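36 is the number of the first residue of the sequence shown in my numbering; add one for each residue after it. Before any comments, here is the structure.
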Amino acid sequence: MTTRERGQVFGELAEEYDRIRPGYPADLVTDVLEQAGPGPVLEVGAGTGKATALFAARDIDLTCLEPDSRMAAVLRRTVPGVPVIESTFEAWTPDRGYGLVISAQAWHWVDADRRNTLAHAALAPGGLLAPFWNVFLLPDRDLYTALAAVDARHGLTGRQSPHSLHVDDVPDAPRPFAEQWPELAGIEKLFTDLRTLRYRATRSYTLAEYRAHLHSISLYRMLDEPRRDTAIDDTIAVIEAHGPTIDFAVHTYAALARRP
Ligand SMILES: C[S@@+](CC[C@H](N)C(=O)[O-])C[C@H]1O[C@@H](n2cnc3c(N)ncnc32)[C@H](O)[C@@H]1O
36 MTTRERGQVF GELAEEYDRI RPGYPADLVT DVLEQAGPGP VLEVGAGTGK ATALFAARDI
96 DLTCLEPDSR MAAVLRRTVP GVPVIESTFE AWTPDRGYGL VISAQAWHWV DADRRNTLAH
156 AALAPGGLLA PFWNVFLLPD RDLYTALAAV DARHGLTGRQ SPHSLHVDDV PDAPRPFAEQ
216 WPELAGIEKL FTDLRTLRYR ATRSYTLAEY RAHLHSISLY RMLDEPRRDT AIDDTIAVIE
276 AHGPTIDFAV HTYAALARRP
């Protein structure tokens, strides 16, 4: 993936991203803030502010990093008064010791070889790293199978596809931290108190909403436009044959790691 593609993949549709993407559970915000160390909060890859607005409402000293200027423009409108620095995490130098670093659906975009040490450097001793993601799970086995075939036809494989998991694929008991979090590989060398939080919700999309949602996902945005349109048309046709909506279980997972 080139730098241009990485930087522009979401900004190309910043307003639409903000309209269609889901937010995050209020309980997650409460739980993460309860665990945070004292001091200011840093958000990495704030996007248009889907998580930022929830944290900013809790009366905290919040600063955001967002490298894409079009995402940052929407973010400034979403959370007026919250400082927004247009930078990647890699290119930014910490100005003080933070009590909490959050990252919603963005930690995997930060350089895998550097993100643990960058988080360590941004946090004060006792500070908390808390990246989190929404994970989409299909409860309908027939639809899951049909969409897996569509994804395979278009080369849309891997966990980035919102159709890659059936609810039965997720164990009820929490998995060991290292198994749950390949995105945080090696974190135990620098951090302690490793924990996973999970929140469960459901979400239903009309066909039009789901079409817009697919357009906002990087897996689809990385396709050239004709291939993207064909893959999305094919996906929507299969869903339409099953019914007027697509229903998901949405699990939100947060990884917690404390700087000693
Ligand atoms: C999937 S979006 C998530 C946005 C927002 N946090 C949310 O929950 O909707 C990923 C965001 O990470 C940003 N990003 C990409 N690479 C980054 C990096 N190296 N450092 C910080 N942010 C980055 C992108 O510009 C994009 O806004």
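Glycine included, C-beta positions come from ideal geometry on N, C-alpha and C. If you're wondering where the values come from, they're calculated on a predicted model, not measured in any experiment.
*Considering only residues of the region 74-148, which uninterrupted alpha helix (DSSP H) runs meet the minimum length of 4 residues and lie entirely inside it, listed in chain order?*
87-91 and 104-113
*Mind checking which residues open and close the alpha helix (DSSP H) that includes residue 253?*
253-256
*From residue 171 to residue 286, what distance separates their C-alpha atoms?*
7 Å
*May I ask you to list the residues that DSSP assigns as paired with residue 169?*
287
*Ignore the nearest five residues each way along the sequence and tell me which others in residue 36's own chain have a CB closer than 6 Å to its CB.*
Bear in mind that the predicted position of residue 36 carries a pLDDT of just 46, short of 50, making it too unreliable to give a figure here.
*At which residue ranges does the region 205-259 contain complete alpha helix (DSSP H) runs of 4 or more residues, listed in the order of the chain?*
212-215, 242-250 and 253-256
*ligand 1 heavy atom lying under 7 Å from the CB of residue 154*: Checking every heavy atom of ligand 1 against the Cβ of residue 154, none is found closer than 7 Å.
*Note down the Cα distance separating residue 275 from residue 243, rounded to an integer number of angstroms.*
11 Å
*Contact belief for residue 235 with residue 284 at Cβ below 8 Å, rounded distance in angstroms*: The C-beta distance from residue 235 to residue 284 rounds to 7 Å, short enough to fall under 8 Å.
*Own chain, CB closer than 8 Å to residue 13, minus 5 neighbours either side, in chain order*: Outside the displayed range of the chain (36 to 295) lies residue 13, so it cannot be described from this structure.
*Spatial distance of residue 293 from residue 213 (CA atoms)*: 15 Å
*Please go through the same chain and pick out, in chain order, the residues whose beta-carbon is closer than 8 Å to the beta-carbon of residue 263, but skip the five residues on each side of it.*
250, 255 and 256
*asked:* Quick check on the burial criterion: 16 or more other C-beta atoms within 10 angstroms. Buried or exposed for residue 177?
replied: Exposed.
*Under 8 Å between C-beta atoms of residue 89 and residue 58*: yes
*Are the beta-carbon atoms of residue 72 and residue 135 separated by less than 8 Å?*
yes
*Proximity test, residue 324 beta-carbon vs ligand 1 heavy atom, cut-off 7 Å*: For the chain, the structure presents residues 36 to 295; residue 324 sits outside this window and is missing.
*asked:* I need the DSSP call for residue 277, collapsed to helix, strand or coil.
replied: helix
_With a threshold of 7 Å (Cβ to nearest heavy atom), would residue 149 be considered close to ligand 1?_
no
*Roughly how many angstroms separate the alpha carbons of residue 184 and residue 271, rounded to a whole number?*
13 Å
*asked:* Quick check: the Cα distance between residue 105 and residue 142, rounded to an integer number of angstroms?
replied: 19 Å
_Is the separation between the beta-carbon of residue 216 and that of residue 290 shorter than 8 Å?_
yes
*Segment limits, alpha helix (DSSP H) that includes residue 155*: 150-157
*Apply the 10 Å Cβ neighbour rule to residue 239 and answer buried if 16 or more other Cβ atoms are within range, or exposed otherwise.*
exposed
*Pick from 246, 158, 69 and 66 that is closest to residue 279, judged by C-alpha positions*: For residue 279, the closest of 246, 158, 69 and 66 by C-alpha to C-alpha distance is 246.
*Rounded to whole angstroms, what's the CA-CA distance from residue 95 to residue 75? Just pull it up for me.*
7 Å
_Since residue 80 and residue 101 should fall inside the 8 Å C-beta cutoff, what is the C-beta to C-beta distance between them, to a whole number of angstroms?_
7 Å
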